[in-house]
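Mind the numbering: the sequence shown is residues 0 to 577 in numbering that gives the first Met the number 0, read in order.
Read the structure below first, then the notes.
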Amino acid sequence: MSNSLFRKKSIEKILADAEKGHGDHGGLGPKLNRALKVKDLTFLGIAAVIGTGVFTAIGSASYHGGPAVILLFTFTAIACGFAAYCYAEFASAVPVSGSAYTYSYIAFGEIFAWIIGWDLLMEYAIGNIAVAISWSQYFVRVLAGFNIHVPEWMTMDYMSAHSGFNDATGQLTHGKTLAGMDESLRNAYNAWAHAPGLGDFRIVMNIPALLIVVLITYIVYIGIKESKKTNNILVITKLGIILVVIVAGAFYVDPGNWHPFMPNGFGGVMKGVSAVFFAYIGFDAISTTAEECEKPQRDLPRAMFNTLIICTVLYIVLVLVLTGMTNFTRLNVADPLAFVFQDQHSKVTNWISGIISVSAIVVIASVLLVYQLGQPRIWMSMSRDGLLPKVFSRIHPKYHTPSFSTIVTGFVVAVPALFLNLDVVLALTSIGTLFAFVLVCGGVLMLNSQPHNKLYSKFKVPYLNGKYIVPGLFVACLGSVLYWAPEYFRQLMNTEGVPMIIFFIVAAIVMVFTYIRNYSLIPVLGLLSCFYLMAQESFTNWARFVIWLVIGLVIYFTYGYKNSVIAKERRAAKLTGR
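Structural data, given as structure tokens:
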């Protein structure tokens, strides 16, 4: 059984299946429409990366780290850059829609492919649920600015309204007035108090979140050209707004706000790891459109690096402008870009603040579009391999999109967005993405050990022997920790320290294999840096992530294992004696 769990697909087989357009009829069928050029791919990457993070992550990260948070943005960009090199090599070797799922099938085998595929479904679905909820919050706020008020029970989830009502009721019994409460608490109280229902049951749901998911799903369903045009318009608008913020904000920068540069030390900077990484999530989604690129082997690597470079520069400049306009201690707000202009207390800056708030609707919608575009293509790839029912790989004869998978994705995102709390769904997004990055970096190391597969790659990760560099870095880091923080390892002896303990174990194993097998430096650094960022997540997030993977494995062993295309081919070969 162990051999069958690690059965691999060859690159030739994957490319042949994609070329034939295998779908739910088990044979030839309509193909995806190749309509994307490097500009369109870059815009898709920018759309995915610069979104909710701009309006939330920058503020909270700057609050914890001060102006020095630009160092964290730089480090995270480097870590993502290592991963981008690995994604680029795989994407040029296997230009199909499966992304990290397909790459893992080639490098590690079927069980790992299923795990990463299931992980990507969580990443895209939960990420989009979070984005839809965030979009709803901004949309309702903008409508209120125009004196259009949506009933509170139609703008939030059931649990938030219920718990908020209980908290507010407790404060009211202690003499506090409703007007004196926090706005979010007040809205939750009103939502529960005025919601229709029967007895103690209340109907509370996030209608705007549902509507935006339906709209974006429709755009994605009717074709890649329509999605491309819509996304390009949204991204141009987004970049225009960001340039306005940078240029206009530069006139209000006070260099004195940049001192002290690192007010809370290195620990304060690192508190923003999850928030900053969340701001970079998305560049990998480009690889899911490989079968819709005109020249995927050339354009996908270019688009990934274009995205990372453009977004990193914009993030660093934005942080400098924000922390220069307003002291970092005041930036822990939900809408930092709009807040820093409001904080200048002038008619012009108030006007700019309003434009920024309205633009948030456009910015966040573009993120939703890219993820709704990516997830159905993961379903489709897994279905082609027999790990999911064939209907998931059905291509629409007119629109040339994965029709059934797109509809399922719409339901998977829209329904939970009605009822789930933002805090519940947000935590799993970063850890799932980082896990995909780790496996892709490890996959390149495996690909490089398979000379036959290496022939397919048009883009190569630059080779620099890590034989001595990686062990040297590991020993230097370990020595620095023991010298500067001798109590560090003792502090890890609790549940919250488990992820870091796992990281050190994995790092030691990777160090040994790098020394023995002369592994390439860039994939190793990508694997270790992304795993380190994973280790910064809480033990609770790790536990939730493991539970999700276990659920996936149950599905795999009850359906995917026996229905795998490779499994069927091997059984047929045995029957025919070949």
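Heads up, the beta-carbon is just placed ideally off N, CA and C, and yes, glycines get one too.
Since the model is a prediction, treat every value here as computed from it, not as a measurement.
Approximately 32 Å separates the beta-carbon atoms of Leu526 and Val407; this is outside 8 Å, ruling out the contact. Apart from sequence neighbours up to five positions away, the residues of its chain that approach Pro207 with a beta-carbon distance below 8 Å are Trp134, Ser135, Phe138, Val139, Val149, Met153, Thr154, ordered along the chain.
A check of alpha carbon separations from Ile77 across Thr168, Val312, Arg6 identifies Val312 as the nearest. In the DSSP annotation of this structure, the continuous segment of the alpha helix (DSSP H) that includes Trp378 starts and ends at 346-383. The criterion of a C-beta distance shorter than 8 Å is not satisfied by Met492 and Ala534.
Remark: three or more beta-carbon pairs, one from each stretch, lie closer than 8 Å, so the region 363-374 and the region 283-301 are flagged as touching. Contact fails between the region 401-418 and the region 74-88, because fewer than three Cβ pairs, one in each stretch, are under 8 Å apart. For Gly465, the CB contacts under 7 Å within the same chain, skipping 5 residues up- and downstream, are Thr513, Tyr518, Ser519, Leu520, Val523 in chain order.
Fewer than three beta-carbon pairs drawn from the region 156-172 and the region 211-224 are found closer than 8 Å, and the two stretches are therefore not classed as touching.
Under the three-state reduction of DSSP, Gly196 is assigned to strand. Counting along the chain, Pro335 sits inside the alpha helix (DSSP H) bounded by residues 335-341.
Here the alpha carbons of Pro262 and Leu210 stand approximately 43 Å from one another. Under the three-state reduction of DSSP, Arg6 is assigned to coil, being neither helix nor strand.
Burial state of Tyr555 is buried, judged by a 10 Å Cβ sphere holding 16 or more other Cβ atoms.
Of the candidates Phe434, Val252, Ile280, the residue whose Cα lies closest to the Cα of Cys310 is Ile280. In this chain, the alpha helix (DSSP H) harbouring Pro415 covers 402-418.
DSSP, reduced to helix, strand and coil, places Arg393 outside both helices and strands of the structure shown, so it counts as coil. Judged by their CB atoms, Phe340 and Tyr62 are not nearer to each other than the 8 Å cut-off. Bounds of the alpha helix (DSSP H) holding Pro300 are 295-324.
By the neighbour-count definition (other C-beta atoms within 10 Å, threshold 16), Asn146 is an exposed residue. If you compare the alpha carbons of Arg185, Ser358, Ala475 with that of His161, the shortest gap goes to Arg185. The alpha-carbon of Thr494 is positioned some 37 Å away from that of Ala190. Residue state for Ser448 is assigned as coil, using DSSP reduced to three classes. When C-alpha distances from Ile115 are compared across Tyr123, Pro335, Asn127, Ala99, the shortest belongs to Ala99.
The DSSP assignment places complete alpha helix (DSSP H) segments of no fewer than 4 residues inside the region 467-510 at 468-483, 487-490, in order along the chain. With fewer than 16 neighbouring CB atoms inside 10 Å of its own CB, Glu11 falls in the exposed class. The beta-carbon distance between Phe164 and Ala192, rounded to whole angstroms, is 7 Å. This is short enough to meet the 8 Å contact definition. DSSP places Thr176 outside both helix and strand once states are collapsed to three, so it counts as coil.
With fewer than 16 other CB atoms across the displayed protein chains lying within 10 angstroms of its CB, Asn349 is exposed. With contacts defined as CB atoms closer than 8 Å, Leu336 and Val93 fail to qualify as a contacting pair.
Sequence-distant partners of Asn127 (beyond 5 residues in either direction) whose C-beta falls short of 7 Å from its own C-beta, in its chain, are Leu367, Tyr370, Gln371, Val412.
Nearest neighbour of Lys294 by Cα position, chosen from Ala15, Val37, Lys227, turns out to be Val37. With respect to Phe260, Gly65 sits close: the two C-beta atoms are nearer than 8 Å. For the options Gly266, Gly478, Phe42, Met121, the alpha carbon positioned closest to that of Pro415 is the one of Met121. Apart from the 5 residues on each side of it in sequence, Tyr531 sits with its Cβ closer than 7 Å to the Cβ of Phe502 in its chain, given in chain order.
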